[in-house]
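In what follows, a structure is listed as structure tokens, so that the remarks can point back to it.
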Amino acid sequence: MEKTLATPDNARSLSPSSSSTVKSRASTGFERRTKRRLSQTKASMCVSSQEEDDDEEEVNEKIEALQRIIPGGTALGVDALFEETAGYIMSLQCQIKTIKVLTSFLQRLDKQDMKFGG
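Per the working numbering, the very first residue in the sequence shown carries number 65; after that it's consecutive.
Dropping the structure here:
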């Protein structure tokens, strides 16, 4: 016996048992695909959760390193630590500029002393 799917034209000609068999096979395939997709989704969620944990751990390690670098950083919260870090960076940049200016000035003095035999 040939099995066909029910359409509006032949729905009345199918026997109830053959249409229920087609429906049960279709729903079973659907259920298998759905279960497979759900298991894949759960697996990817576990991986994402693991990645998030790794990212959070990495961020915490970097914050701890920053607390060790910044003077008084161990006593600060994260927000205050970032503000203090910005100020510390600006202070270091000013120190670098000052050192460059002094170095340039001293080099010019050395050249002048050499000109005058000093």
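Ideal placement from N, C-alpha and C gives every residue a C-beta, glycine not left out.
Could you tell me whether the Cβ atoms of residue i and residue j are closer together than 9 angstroms?
i	j	result
Leu-130	Gly-136	no
Ile-134	Leu-145	yes
Glu-148	Leu-140	yes
Ile-127	Val-142	yes
For the alpha helix (DSSP H) that residue i lies in, which residues bound it at each end?
i	result
Ile-163	142-179
Is there a Cβ of chain C sitting closer than 9 angstroms to that of residue i, yes or no?
i	result
Ala-129	Within the model displayed, chain C is absent; a lone protein chain is all it includes.
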